[in-house]
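First comes the structure, then the notes that go with it.
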Amino acid sequence: EPGGGRFEISGESFSLGAVQEFTLHLPQRVTWLLGGAYRGDFSTREATVVAPEPAGETGAISLTARSALFSGYLQSRVAITPKNLLTAGIRIDAPNDFAPSWNPRLAFVSEVFPGTFLKLLYGEATQTPDLFDLFNLSAGLVDGEVTGVEQNPDLEPEKLHSVEGIVQFDRWGFDLRANGYYTWIGEKIVQETGEDLVLRSYNAPETTRYAGFELEMAYRGVISPSIGYAFSRTLSDPDTADNAPAHQVYSGVEIAPTPAIHLSARLDWVGTREGRGGEDLPPYPLGRLSLFIEPAGSPLSFSMTVRNLFDTFHLSRSVTPIPAPPRSFTLTLRYRF
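So the number in this note's numbering is just where the residue sits in the sequence shown, counting from 1, plus 2.
Below, the structure written as structure tokens:
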């Protein structure tokens, strides 16, 4: 908000998709999985620019976009021994407006003691630019100038790489786990507002790196409580990387009144974190409510989720588990053929 001016951005999106999978079980404990998926998105974003005081004038614009993503994946799971499982695969993502990408994944799971598991994971993914990433917005919107919106066609998709290690104890209804991860992103998309009140998006020239760990304890039953703590930190220059919370404490409960119905609620408290320029940003709460209905033997299932009940300001894009996206409401209806 240089000079007192600011951008206010809101939006909504609708997605429709389909997934088809084929599984082949071979002798000697080998399983192959071949699948394909399609997802179509329709997005609307609205931006309002408020000029610096004393003028305080406003201007607004609405952008809409349609996109499609075709994906194919091949995965092989090999039981090296009854207690050691290796999974390797590759996923091809082909968005309609960017070049296809190849994203390998690898996982090793070992039961080192009864009920105690060690998991080592590696994966890659691609994230295409958001609708507003593809445009530069300026205070010219206040005066209705065409220069208030300029195309930003040089953006490239982000390439994500992540390594994760997990230790899990799962016995007697208790699920205790500790995990640590390291993530690095090439072509990280960064948004910045300059002194000229222009919101620009660009690919960061250097690799952006994150690291963190999480501790969680849960109990499974008709009523299943859980509690956890997470630490996440950017290892890159804070002037070019999005803000990452340093500390997060959360608790939740899942209730299963019937085998087909699950209700869950979760409350998160994100601690003080360092913002751009070294200033501390205040702590804030997050909340999530979910309903899942999946009748046994039925191909039809339904879910409803409300995320980030207490959102009061926009949270920056991030690949880390936190911060969460702004408040959202999601309905999902699935049918298995």
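Note that CB positions come from ideal geometry on N, CA and C, so glycine has one too.
Suppose you measure from the CA of residue i to the CA of residue j; what does that come to, to the nearest Å?
i      : j      : result
Ser226 : Glu256 : 5 Å
Ala109 : Gly117 : 19 Å
Ser340 : Phe233 : With the chain covering 3 to 339 only, the question about residue 340 has no answer from this structure.
Asn105 : Gly38  : 14 Å
Asn298 : Ile263 : What sits at residue 298 in the sequence shown is Ala, not Asn. For Ala298 and Ile263, the distance between alpha carbons rounds to 10 Å.
Ser228 : Gly254 : 5 Å
Ile187 : Pro259 : 42 Å
Glu189 : Pro102 : 16 Å
Asn98  : Ala90  : 27 Å
Arg336 : Phe16  : 15 Å
Ser164 : Ser300 : 36 Å
Ser69  : Phe176 : 43 Å
Thr83  : Thr185 : 30 Å
Thr114 : Glu296 : Checking the sequence, you will find Val at residue 114 rather than Thr. So the two alpha carbons sit approximately 33 Å from each other.
Leu317 : Leu88  : Caution is warranted here: a pLDDT of 45 is assigned to Leu317, below 50, making its placement in the model unreliable, and the coordinate value is therefore given only provisionally. Each residue's Cα considered, the two are about 37 Å apart.
Thr242 : Thr33  : Its pLDDT being 39, under 50, Thr242 is placed unreliably by the model, and the measurement read from it follows with that caveat. Going by the C-alpha atoms only, they are around 43 Å apart.
Leu170 : Arg235 : The sequence shown places Gln at residue 170, rather than the Leu named in the question. About 23 Å.
Leu178 : Leu28  : 33 Å
Arg338 : Leu302 : 7 Å
Arg93  : Phe119 : 26 Å
Ser266 : Leu293 : 7 Å
Val398 : Phe72  : With the chain covering 3 to 339 only, the question about residue 398 has no answer from this structure.
Leu136 : Phe100 : 12 Å
Pro261 : Ser203 : 47 Å
Leu36  : Ala96  : 16 Å
Ala248 : Ala180 : 17 Å
Thr332 : Gly42  : 16 Å
Pro284 : Tyr212 : 21 Å
Asn2   : Val224 : For the chain, the structure presents residues 3 to 339; residue 2 sits outside this window and is missing.
Tyr40  : Ser112 : 33 Å
Val18  : Thr334 : The identity of residue 18 in the sequence shown is Leu, whereas the question assumes Val. Straight-line Cα distance between these residues: approximately 10 Å.
Thr314 : Gly74  : Annotation note: pLDDT 49 at Thr314 (below 50); position unreliable, coordinate value reported separately. Looking at the two C-alpha atoms, the distance is approximately 38 Å.
Phe304 : Leu123 : 30 Å
Tell me the residue span of the beta strand (DSSP E) that contains residue i.
i      : result
Thr185 : Phe176 to Gly188
Leu123 : Thr118 to Gln129
Lys161 : Glu160 to Arg173
Pro287 : Tyr286 to Ile295
Ala90  : Asn86 to Pro97
Phe233 : Ile225 to Thr236
Ser266 : Ile263 to Val272
Ser303 : Leu302 to Arg309
Gly299 : No beta strand (DSSP E) contains Gly299, which DSSP labels as neither H nor E.
Leu108 : Ser103 to Phe115
Phe100 : No beta strand (DSSP E) holds Phe100; DSSP gives it neither H nor E.
Glu208 : Taken as a continuous stretch (DSSP letters only), Glu208 belongs to no beta strand (DSSP E), as it is neither H nor E.
Ala258 : His249 to Thr260
Quick check on this structure: which residue in the options has the alpha carbon closest to the alpha carbon of residue i?
i      : options                           : result
Tyr231 : Leu302, Gly223, Leu18 and Met219  : Met219
Asp156 : Ile191, Phe24 and Ala90           : Ile191
Arg173 : Lys85, Arg222 and Val165          : Arg222
Asn86  : Arg31, Gln22 and Phe171           : Arg31
Leu217 : Gln250, Asn310, Glu296 and Ser238 : Gln250
Gly273 : Tyr40, Tyr252 and Leu293          : Tyr252
Tyr286 : Trp271, Leu293 and Phe294         : Trp271
Phe44  : Leu71, Thr66, Leu269 and Phe24    : Thr66
Leu291 : Asn310, Pro284, Thr210 and Ser238 : Asn310
Lys1   : Gln129, Ile168, Pro159 and Asp135 : Only positions 3 to 339 of the chain appear in this structure, which leaves residue 1 out of reach.
Thr209 : Gln170, Gly182 and Leu237         : Leu237
Leu269 : Pro261, Leu288 and Pro284         : Leu288
Phe215 : Leu293, Arg107 and Glu166         : Glu166
Ala128 : Arg107, Phe304 and Leu265         : Before going further, note that residue 128 is Thr rather than Ala in the sequence given. Nearest of Arg107, Phe304 and Leu265 to Thr128, Cα basis: Arg107.
Pro207 : Leu35, Lys161 and Asp132          : Lys161
Pro131 : Tyr124, Val111 and Glu158         : Glu158
Phe24  : Arg41, Thr46, Leu76 and Leu18     : Leu76
Gly125 : Tyr183, Phe304 and Thr334         : Tyr183
Gly80  : Gly74, Tyr40 and Leu26            : The sequence as given places Val at residue 80; Gly does not occur at that position. The residue with the shortest Cα to Cα distance from Val80 is Leu26.
Just checking: is the beta-carbon of residue i within a distance shorter than 7 Å of some beta-carbon in chain B?
i      : result
Thr307 : You won't find chain B in this structure, because it holds only one protein chain.
So does residue i have its beta carbon nearer than 6 Å to some heavy atom of the ligand COA?
i      : result
Ala298 : Absence of the ligand COA from the depicted structure is noted, as is the absence of any ligand whatsoever, leaving it without description.
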